[in-house]
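In our numbering, the protein residues as written are 1166 to 1609. Glycine residues also receive a C-beta, built at the ideal position from the N, C-alpha and C atoms. Reviewing the structure listed below.
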């Protein structure tokens, strides 16, 4: 079945209203080919019934037989929608089950290999149990010459409008999600590359994946990274869905040079995130409160907004530099999630809003830049190694005198405050809860 990747609801839902597509065009071509012609095109490879994005064939023998009977009765069959690819091939985007049933009957076997003989006929009961080869010739001719209305979305249609059309035709029992729809609209070298990057060992290890992933959620994460990498967050404009679609359209036939550059950057970002955050990558840290000062990492949900900034910002820096400062970067980012209300809002509320996107990137970039620029002889932040040493010696908060449950919930406080000239040295350090440290009174 595949593994799932669970995200905060707000960070994956694009709540912006759909904008009108005035000025954008979609070109379509209606036609009425007969079943014989469509069947031959399918055999020649010019009509693809089950592209990668389509669901598997699910009709049973009775339902397929009833469709054949409807054709023999001249009952109108719903329109078949096709999409023209750059190479001239047409993909079925609506009508796959119907065409598969009709072609299977002509070929004599269901897709699972069993013989296709007519079942449970209601009008043509005399045809019960017959295969196509056994049908009287007049019925064979009628079936093959029956016209089906098709509408083909031509290759030069606006990709964004094409995507919207696919959305509206997406009415199956399990509708395709946004990334599955993109896989339908934007097939090509770029989609192949995104799939390859989603299989990166380091990236999968960060997400805790061991098997296949349901519904291309891992591929959509890679697209998130690539979209902000290519356009930068400064050129982001909502809705986020359209921002991602624009990246897919622009790089659909990505060059080898651009592909290699993205591959290198994505792998470097994954290594940096793994080094800094480990198994807590892309997860929120929840601060304690006055009744319970103990904080904790989010145990279930990934946060897509944190994914954007952790991957995007760390990708901008030299991996060796990030590795040397990994503990201090981690401490600074956890502090953002606990004490910076603007950052907290930017990763939790209306996170696809343009202002929120810029806020979280700006704050994250500034934070990481400050850590990396901090002079090693007199840093502002204590090392994680010192925190581990103090925690191992006595995991008690020096402010509330309660036990500190996990190391990440601990903060090292300057006894003589830094802004008053206190040094970042072991003798000027005390272990506290993050919450207690953030809410303690500041002496003048």
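May I ask you to list the residues that DSSP assigns as paired with residue i?
i            : result
residue 1579 : 1594
residue 1318 : 1193 and 1248
residue 1227 : Per DSSP, none; premise fails for residue 1227.
residue 1213 : 1256
residue 1568 : 1561
residue 1536 : Residue 1536 is not bridged to any residue.
residue 1378 : 1168
Using only CA atoms, which one of the options lies nearest to residue i?
i            : options                   : result
residue 1372 : 1168, 1248 and 1604       : 1168
residue 1444 : 1453, 1463, 1456 and 1318 : 1463
residue 1613 : 1558, 1242, 1266 and 1583 : In this structure the chain extends from 1166 to 1609, so residue 1613 is not present and cannot be described.
residue 1258 : 1225, 1345, 1274 and 1290 : 1345
residue 1565 : 1595, 1546 and 1538       : 1595
residue 1249 : 1233, 1361, 1243 and 1214 : 1214
residue 1246 : 1300, 1254 and 1318       : 1318
residue 1190 : 1232, 1328, 1288 and 1303 : 1328
residue 1470 : 1238, 1510, 1605 and 1360 : 1510
residue 1392 : 1356, 1367 and 1369       : 1356
residue 1505 : 1424, 1516 and 1532       : 1532
residue 1457 : 1397, 1288 and 1601       : 1601
residue 1430 : 1451, 1401, 1477 and 1526 : 1477
residue 1518 : 1461, 1554 and 1399       : 1399
residue 1367 : 1322, 1349, 1436 and 1304 : 1436
residue 1282 : 1303, 1302, 1231 and 1306 : 1231
Hey, how far is the Cα of residue i from the Cα of residue j?
i            : j            : result
residue 1613 : residue 1227 : Nothing about residue 1613 can be reported from this structure: the residues present for the chain run from 1166 to 1609 only.
residue 1313 : residue 1284 : 23 angstroms
residue 1387 : residue 1575 : 33 angstroms
residue 1222 : residue 1270 : 14 angstroms
residue 1491 : residue 1441 : 5 angstroms
residue 1193 : residue 1320 : 9 angstroms
residue 1106 : residue 1453 : Since the first residue of the chain shown is 1166 and the last is 1609, residue 1106 is not available in this structure.
residue 1571 : residue 1529 : 24 angstroms
residue 1343 : residue 1364 : 20 angstroms
residue 1385 : residue 1484 : 24 angstroms
residue 1340 : residue 1427 : 31 angstroms
residue 1589 : residue 1512 : 30 angstroms
residue 1347 : residue 1406 : 10 angstroms
residue 1353 : residue 1417 : 6 angstroms
residue 1403 : residue 1296 : 55 angstroms
residue 1132 : residue 1592 : Nothing in the structure corresponds to residue 1132, since the chain is present only between 1166 and 1609.
residue 1380 : residue 1201 : 34 angstroms
residue 1198 : residue 1241 : 14 angstroms
residue 1603 : residue 1502 : 12 angstroms
residue 1447 : residue 1468 : 5 angstroms
residue 1569 : residue 1439 : 25 angstroms
residue 1414 : residue 1324 : 7 angstroms
residue 1326 : residue 1412 : 15 angstroms
residue 1244 : residue 1308 : 17 angstroms
residue 1288 : residue 1239 : 12 angstroms
residue 1290 : residue 1273 : 19 angstroms
residue 1434 : residue 1208 : 45 angstroms
Start and end of the beta strand (DSSP E) containing residue i?
i            : result
residue 1196 : 1193-1196
residue 1246 : 1245-1249
residue 1257 : 1255-1259
If I follow the unbroken alpha helix (DSSP H) through residue i, where does it start and stop?
i            : result
residue 1602 : 1599-1604
residue 1299 : Residue 1299 -> no alpha helix (DSSP H), and no H or E assigned at all.
residue 1475 : 1469-1479
residue 1202 : 1200-1209
residue 1313 : No alpha helix (DSSP H) contains residue 1313, which DSSP labels as neither H nor E.
residue 1516 : Looking at the DSSP string, residue 1516 is not in any alpha helix (DSSP H), and its letter there is neither H nor E.
residue 1486 : 1484-1489
residue 1291 : Element bounds for residue 1291: n/a, residue is neither H nor E.
residue 1329 : 1324-1334
residue 1554 : 1549-1558
Is residue i near the ligand ZN, judged by its Cβ being under 7 angstroms from some heavy atom?
i            : result
residue 1372 : Here there are no bound small molecules, and the ligand ZN is not part of this structure.
Examine chain D for any beta-carbon lying closer than 8 angstroms to the beta-carbon of residue i, and answer yes or no.
i            : result
residue 1483 : No chain D is present in this structure, which holds just one protein chain.
- Length at least 3, wholly inside the segment 1395-1450: the beta strand (DSSP E) runs in chain order: none
- Hey, which unbroken runs of the beta strand (DSSP E) at 3 residues or more fall wholly within the segment 1345-1374? none
- Secondary structure, alpha helix (DSSP H): runs of 4+ residues fully inside the segment 1256-1289: Qualifying alpha helix (DSSP H) stretches, in chain order: 1261-1272.
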